[in-house]
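Protein chains in written order, with our numbering: chain A, 31 to 366; chain B, 31 to 366; chain C, 31 to 366; chain D, 31 to 366. The C-beta atom is built at its ideal place from N, Cα and C for all residues, glycine as well.
4 protein chains.
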Amino acid sequence: MDTGRQSNRIRVGVAGAAGYAGQELVRLLARHPHAELARAMASSASSPRRALPGLAHLWNGTVEPLDLDALAEGPAAAFLALPEEASAEIAPQLLARGVRVFDLSGAFRLRDVATRTRWYPKTGAVPGEIVYGLPEVQRAQLLDAHLVSCPGCYPTAAVLALRPLVTAGLVAGDIVIDAKSGVSGAGKAPSERTHFSECHGSVSAYGVFAHRHAAEIEQELGVGVTFVPHLVPLDRGILETIYTRVPPGTTEAAIAEVYGATYANAPFVRLTGGTLPVIKQVAYTNFCDIGWMLDPPSGRLVVVSVLDNLLKGAAGQAVQNFNIAFGFDERAGLLA
Amino acid sequence: MDTGRQSNRIRVGVAGAAGYAGQELVRLLARHPHAELARAMASSASSPRRALPGLAHLWNGTVEPLDLDALAEGPAAAFLALPEEASAEIAPQLLARGVRVFDLSGAFRLRDVATRTRWYPKTGAVPGEIVYGLPEVQRAQLLDAHLVSCPGCYPTAAVLALRPLVTAGLVAGDIVIDAKSGVSGAGKAPSERTHFSECHGSVSAYGVFAHRHAAEIEQELGVGVTFVPHLVPLDRGILETIYTRVPPGTTEAAIAEVYGATYANAPFVRLTGGTLPVIKQVAYTNFCDIGWMLDPPSGRLVVVSVLDNLLKGAAGQAVQNFNIAFGFDERAGLLA
Amino acid sequence: MDTGRQSNRIRVGVAGAAGYAGQELVRLLARHPHAELARAMASSASSPRRALPGLAHLWNGTVEPLDLDALAEGPAAAFLALPEEASAEIAPQLLARGVRVFDLSGAFRLRDVATRTRWYPKTGAVPGEIVYGLPEVQRAQLLDAHLVSCPGCYPTAAVLALRPLVTAGLVAGDIVIDAKSGVSGAGKAPSERTHFSECHGSVSAYGVFAHRHAAEIEQELGVGVTFVPHLVPLDRGILETIYTRVPPGTTEAAIAEVYGATYANAPFVRLTGGTLPVIKQVAYTNFCDIGWMLDPPSGRLVVVSVLDNLLKGAAGQAVQNFNIAFGFDERAGLLA
Amino acid sequence: MDTGRQSNRIRVGVAGAAGYAGQELVRLLARHPHAELARAMASSASSPRRALPGLAHLWNGTVEPLDLDALAEGPAAAFLALPEEASAEIAPQLLARGVRVFDLSGAFRLRDVATRTRWYPKTGAVPGEIVYGLPEVQRAQLLDAHLVSCPGCYPTAAVLALRPLVTAGLVAGDIVIDAKSGVSGAGKAPSERTHFSECHGSVSAYGVFAHRHAAEIEQELGVGVTFVPHLVPLDRGILETIYTRVPPGTTEAAIAEVYGATYANAPFVRLTGGTLPVIKQVAYTNFCDIGWMLDPPSGRLVVVSVLDNLLKGAAGQAVQNFNIAFGFDERAGLLA
């Protein structure tokens, strides 16, 4: 089935292939119609080559220790699913050697220096021009971009749900974003917080007034928000319940029109109107589904936005950005 | 082990013993130091007597078909874990025959007739004097009460968290209550919504602008709220994340003082301050744990309230009300 | 992206598209490179047309009420994910009208009339020639088959694990198959057994000495087995732990050789040797992973076989059979 | 409520109070009618005093660093929920100072020196007389015992199910024990194996032919077994499915009679006959429920045994042993 697939494909590399987002990148890129996965590397220097058992028969390569030179040679594009300080160090070197970079960390997401220094203190100066890779918003800038900073999982769901409303002047009150996330969002490193027996049968709020994704959401919306993430006992998926008020007289039809116009050509945003979406319908896909309910007398609005944190919230969106950046169909390799 | 336990015990009956809250009532009352469980009945008329396998060796009785006469004879108190229309029909008859009633349905919770008619249309007129059984608020009125209407699970968590703040004048903004509930809150009757494969790995919002518990919360607080409940993939427990703003200048210490003073003598409310509580620490207990975080510059306040929906949110609270109403220690039979 | 896809594609229909296996069929066939999904029907006669929200943007058709004539017109192949009695009635009529049938029910799995009558009493006589669709075993017979009876989920995992050993004479003791299944295997109809609160936090054995899949396994192996299935609290996936004894002197290498030779060309069977496979690595894929451990002194052998019950155990395997039957690459549309 | 409770109570201490079994010990002993919890200690020497938030209002003490002198002074009995090497070191010193020891580790379970050295190599020599604390089997020896070695969680379920049959000569074939355990059985220390995202949606077999509980089961039964434990995605509970054959002519009644006679006076063993028990009915209790099904023609027998690994499989059983050893009602403090 791989016969002839290498012709006309973009050679790509993945750094951070052992983590959850990294494994998804390997899975997506190994069977991508326009990519050839030339390298997959894991950041823990000491680890020997190893296979990813869940990917056998899909990808028969091995994960190598991270090696900048090897990553820069051959691949025309590199996907970095690394801690932000590693991304901050490696990305400029890759760019300098002509490799286009799709970074999944927070290293390059915040444009304001003071904000960035506060939330990502280890990331140093920012290299050249960065495109914030939310394709539904920046499709044009992504074409030929060299450094794409892929949004965080929470901001992706929040910004896709709120930006059309803010832009259209339909937000007239405080914004509260109550996010519920599956535990894979916390990464692959074991901890007490992500120990099975602590999460099972429980829900916990965390990062109140202190989560860096709040800064990212505020940057992309241009307004302040109250953002509280929660761990819920499932593996993959985020549901955000967003509360605000619309200006007096705003109708349900006006809201539907704004969303419809914004996402008319967005293959990965699905609008569900008054049938509020649930996590199950987007898990293991690259979709972000958005529904909403308005209480016209009071102007109170509830929007619900769901996505798979490892796909539309991480690896899938990175591949979507790659597709656009290299001029392929946005959906290539993502409709599985 | 039961030798001699019958002396000086209050004879009680349970109607609705086959449901989740009903089974908890049977379990709690079967080993209550001051109660003798004389009758346990299930509402489905056609069902024969049956044992509750999980309660064998704890309670050796059988669940009988619902029979008003049998329930009224002998027991001095009846716990009703029935659909509201059944409670509305039965409770007045039991009261007329001298049986004190602890009702777990919504039949008697709303005092305003129009509101009550809207949300509980099948419940008809309300019998005499009703005490809303939130013991931390109405401890005095509960003593010698004859009809106690036990609060809903969501209102219990919300009112315990918010009422002290509202009363103290510490709420100065919209109130948003984002509730996450385990699936046992939806009862024991199978449905597509509570089918395992639909809930597992998913989260769903429901009842937006249309949940009758919102009316109950607003009644007890005297202010409006936005309330959105969610089903999360666990069995027992509720976590409510509550968002509002406090008046300018309000300090964290002021909030802590209000809570501390309100619940100084409440054995089942535990204040956790800035360490936000999680469901796991209250599941299978009668506690409601409350924590909070304030962002002083903005006055934004986040309160988190957790409880077990079948205990503090249903059967446990009913027994707590019973304890107070009959003059026993509030904690009797509830510290297991 | 769908441009030109209709050329040279096989027109197919799905009956039973509203169930879990049916939805997977729609998802797989909607983006299959060699199929055109012409019809999707649900068996409940009264249901109106409806969309499958999770498939929006992947498949924009609607599910229609089941209509035999419409299913027979146009499609060259029909996938039946129906109750066995419905399959038994419909399949012969489709065959008579030239439609090739891939049946996912148990209607046509058992060859022995008495056994079949015992376990599937409502299925009547069997039409003509049937191929049991376990591609790794019957690849040759599948080519040009007209009625393919797709194996049950439990038998797929068991037969793939055991048949090579039985055939090679490596089974010398009783066979015990302890199967653990996710709840989606019980279908989409709500029931007390599959109610979230009954399954969560629990495990239950069922069908002891009375599960029709045992008869199917015994038919395919030619030997008796003890088979006990269990419901475990997850959605998708089966893990079977298989216990037997090998003849004295059998080495681990001999077992590995038998498996390796049998599955050398099987793209969807992955051998993991002494690293026993887990459900997570096959969920949402069409793979069956098999590992084993031998205790040479005693000759005790433990084999572990895992698959996704809705894919390799149902819809995925049906599509795999379709691929072979129509001469396509076995993997077409299944490596997502 | 604690008024006067200290009179006539046995002063006890808990070492290992921060782990899952240790927390259950604290919870049980804090409200035990005949015990006074004088000390609770955690083994990690560096940890400062800390509260157990889930136990606030139930137990208002703090967990102290482990201190042998403090543990030996005052308490008449010590419960050790420590790693086996710590138990092996501490228990003899406590015994020498007159403290009766209830040990939950594996340090003292195996009587055969060679077997013990193989599975618990760090535990050194065994001190004096040890009673294996399975109360349903050794009730008489427990009275006045000084060192009680509490059984492992898996052996408790297996031995209670199998010993009556073996003793009665009703086992005539190989014994296979397929155990499914909740993840709390793996302890509180985070690891990749117990990371939420690895366990959720998955099942895994482990310890095949290499689990020390197999040796313990074989010791207590006097016959060999094949034992394979599995992790299933739930927190608390074990279900063991046990396969064997009975002698020709054995009837279902004979099996029921053996079980009934053995457990007629066992308050914590519940026999469910042909209604196989499920984990949910024993979780959070000290019960072990046992059911069975016989296929008379073949003599194949399936027994299902369930318990809560932290209670009947650990802390509950230790308290049950304490009750018997000190002459209290076996059920004291355990029927919550």
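Subject >> Under the three-state DSSP convention, the category Val276/D falls into >> reply: Counting from 1 along the fourth sequence, the entry for residue 276/D is found at position 246. Three-state result, Val276/D: coil.
Subject >> His260/D to Asp208/A span [Cα, whole Å] >> reply: On the fourth sequence, position 230 is the one that residue 260/D refers to. On the first sequence, position 178 is the one that residue 208/A refers to. Going by the C-alpha atoms only, they are around 36 Å apart.
**OP:** Taking Pro220/D as the query, report the chain A residues whose CB atoms sit under 8 Å from its CB, ordered along the chain.
**Re:** In the fourth sequence, residue 220/D corresponds to position 190, counting from 1. Result: Pro220, Ser221, Glu222, Thr224, His225.
**OP:** State the Cα-Cα distance for the pair Leu190/A and Leu134/A, rounded to the nearest angstrom.
**Re:** Residue numbering aside, residue 190/A sits at position 160 when the first sequence is read from its first letter. Residue numbering aside, residue 134/A sits at position 104 when the first sequence is read from its first letter. Whole-angstrom Cα-Cα distance: 18 Å.
**OP:** State the DSSP-derived secondary structure class of Ala107/D, mapped to helix, strand or coil.
**Re:** On the fourth sequence, position 77 is the one that residue 107/D refers to. It is a strand residue.
**OP:** Starting from Asp325/D, find everything on chain C with Cβ-Cβ shorter than 9 Å and list it in chain order.
**Re:** For the purposes of this step, residue 325/D is taken as the residue at position 295 of the fourth sequence. Near Asp325/D (Cβ distances below 9 Å), the residues of chain C are Val238, Phe239, Thr256.
**OP:** Only counting runs of 3 or more residues, tell me where the beta strand (DSSP E) segments fall wholly within the stretch 277-354 of chain C, in order along the chain.
**Re:** 299-303, 318-325, 330-337
Subject >> Below-8 Å beta-carbon distance, Tyr50/B vs any chain A residue >> reply: In the second sequence, counting from the first residue as 1, residue 50/B sits at position 20. Judged by the 8 Å Cβ criterion, Tyr50/B is not in contact with chain A.
Original post:
Using a Cβ-Cβ distance under 8 Å, would Gly231/A count as near chain C?
Top reply: Within the first sequence, the letter at position 201 stands for residue 231/A. Under the Cβ distance rule, Gly231/A counts among the residues neighbouring chain C, one pair being separated by less than 8 Å.
**OP:** Give the DSSP-derived three-state secondary structure of Arg193/C in the structure shown.
**Re:** Residue 193/C sits at position 163 when you count from the first residue of the third sequence. If DSSP states are grouped into helix, strand and coil, Arg193/C belongs with the helices.
Original post:
DSSP state of Val56/C, grouped into three classes?
Top reply: Position 26 of the third sequence holds residue 56/C. In the structure shown, Val56/C sits in a helix (DSSP, three-state: H, G or I).
Original post:
By DSSP, does Glu94/D sit in helix, in strand, or in coil?
Top reply: In the fourth sequence, counting from the first residue as 1, residue 94/D sits at position 64. Here Glu94/D sits in strand by DSSP.
Original post:
Can the beta-carbon of Trp149/D be found less than 8 Å from the beta-carbon of Arg242/D?
Top reply: The residue given as residue 149/D occupies position 119 in the fourth sequence. The residue given as residue 242/D occupies position 212 in the fourth sequence. Yes, these two residues count as a Cβ contact at 8 Å.
**OP:** Give the residues from the stretch 286-311 of chain C that approach chain A closer than 8 Å (Cβ to any Cβ), ordered along the chain.
**Re:** Pro297, Phe298, Arg300, Thr302, Thr305, Pro307, Lys310, Gln311
Subject >> From Gly321/A, Tyr162/A, Thr274/A, Pro122/A, residue whose alpha carbon lies closest to that of Ala286/A >> reply: The residue given as residue 286/A occupies position 256 in the first sequence. Checked all of Gly321/A, Tyr162/A, Thr274/A, Pro122/A; the closest Cα to Ala286/A is Gly321/A.
Subject >> DSSP state of Lys218/A mapped onto helix, strand, coil >> reply: Position 188 of the first sequence, counting from 1, holds the residue named residue 218/A. Lys218/A: coil per DSSP, three-state reduction.
Subject >> Completely contained beta strand (DSSP E) runs for the stretch 156-180 of chain B, where each covers 3 or more residues >> reply: 177-179
Subject >> Start and end residues, alpha helix (DSSP H) containing Leu124/D >> reply: For the purposes of this step, residue 124/D is taken as the residue at position 94 of the fourth sequence. 114-126 is the span of the alpha helix (DSSP H), which, as asked, contains Leu124/D.
Subject >> Range covered by the alpha helix (DSSP H) that runs through Ser227/B >> reply: Stepping through the second sequence from its first residue, residue 227/B is reached at position 197. Counting along the chain, the alpha helix (DSSP H) containing Ser227/B begins and ends at 226-229.
**OP:** Report yes or no: is there a C-beta of chain B within less than 8 Å of the C-beta of Ala213/C?
**Re:** Residue numbering aside, residue 213/C sits at position 183 when the third sequence is read from its first letter. Residue 213/C is actually Val in this sequence, not Ala. Closer than 8 Å to some Cβ of chain B, the Cβ of Val213/C qualifies, so yes.
Subject >> Where Tyr314/D meets chain B, residues with beta-carbon distance less than 8 Å >> reply: Residue mapping note: residue 314/D aligns to position 284 of the fourth sequence, counting from 1. Tyr314, listed in chain order.
Subject >> Outcome for Gly251/A when other beta-carbon atoms lying within 10 angstroms are tallied against a minimum of 16 >> reply: Here residue 251/A corresponds to residue number 221 of the first sequence, with the count starting at 1. Note that residue 251/A is Leu in the sequence shown, not Gly. The residue in question, Leu251/A, is buried, as its Cβ has 16 or more Cβ neighbours within 10 Å.
Original post:
Is the shortest distance between the beta-carbon of Arg35/B and the beta-carbons of chain D less than 8 Å?
Top reply: By one-based count along the second sequence, residue 35/B stands at place 5. With a pLDDT of 42 at Arg35/B, under the threshold of 50, the modelled position of that residue is not reliable, and the figure given next carries that caveat. For Arg35/B, not one C-beta of chain D is nearer than 8 Å to its own C-beta.
Subject >> Cβ pair count under 8 Å reaching 3, the stretch 345-356 of chain A against the stretch 280-295 of chain B >> reply: Two segments are said to touch when three or more pairs of C-beta atoms, one from each, lie closer than 8 Å; by this definition the stretch 345-356 of chain A does not touch the stretch 280-295 of chain B.
Original post:
Just by C-beta distance, which residues in the stretch 84-97 of chain A are closer than 8 Å to chain C?
Top reply: Gly84, Ala86, His87, Leu88
**OP:** Out of Leu59/A, Ala45/A, Tyr50/A, state which residue places its alpha-carbon closest to the alpha-carbon of Leu365/C.
**Re:** On the third sequence, residue 365/C is found 335 positions in, with the first residue counted as 1. The option with the nearest alpha carbon to Leu365/C is Leu59/A.
Subject >> Any C-beta of chain B under 8 Å from that of Gly267/A >> reply: Locating residue 267/A in the first sequence gives position 237, counting from the first residue. Yes, its Cβ sits closer than 8 Å to a Cβ of chain B.
Subject >> Rounded separation between Val253/D and Leu200/D - CA only >> reply: To locate residue 253/D, count along the fourth sequence from 1; it is residue 223. To locate residue 200/D, count along the fourth sequence from 1; it is residue 170. Looking at the two C-alpha atoms, the distance is approximately 13 Å.
**OP:** Find the residues of chain D that neighbour Ala366/B, judging by a C-beta separation of less than 9 Å, and give them in chain order.
**Re:** For the purposes of this step, residue 366/B is identified with residue 336 of the second sequence, where counting begins at 1. Chain D residues near Ala366/B: Arg61, Leu365, Ala366.
Original post:
According to the neighbour-count rule (16 or more other Cβ atoms, all chains shown, within 10 Å of its Cβ), is Val276/B buried or exposed?
Top reply: Numbered from 1 along the second sequence, position 246 holds the residue referred to as residue 276/B. Val276/B should be labelled buried.
Original post:
Cβ atoms of Ala118/B and Ala100/B: under 8 Å apart, would you say?
Top reply: Within the second sequence, numbered from 1, the residue matching residue 100/B stands at position 70. Within the second sequence, numbered from 1, the residue matching residue 118/B stands at position 88. Result no, Cβ atoms of Ala100/B and Ala118/B do not sit closer than 8 Å.
Subject >> 8 Å Cβ cutoff, Lys342/C in contact with chain D >> reply: Residue 342/C sits at position 312 when you count from the first residue of the third sequence. No, Lys342/C does not count as interfacial toward chain D.
Original post:
Could one say the Cβ of Phe317/A lies closer than 8 Å to chain C's Cβ atoms, at least one of them?
Top reply: Here the question's residue 317/A lines up with position 287 in the first sequence. Answer yes: the Cβ-Cβ gap between Phe317/A and chain C drops below 8 Å somewhere.
Subject >> Own chain residues within Cβ distance below 6 Å of Ala296/C, not counting five before or after >> reply: Indexing the third sequence from 1 puts residue 296/C at position 266. Around Ala296/C: Glu166.
Original post:
Considering only C-alpha positions, which residue in the set His87/D, Ala86/D, Glu66/D, Leu96/D is nearest to Arg79/D?
Top reply: Stepping through the fourth sequence from its first residue, residue 79/D is reached at position 49. Checked all of His87/D, Ala86/D, Glu66/D, Leu96/D; the closest Cα to Arg79/D is Leu96/D.
**OP:** Under 8 Å between beta-carbons, which chain B residues line up against Leu264/C? List them in chain order, please.
**Re:** The residue labelled residue 264/C in the question sits at position 234 within the third sequence. What Leu264/C touches in chain B: His230.
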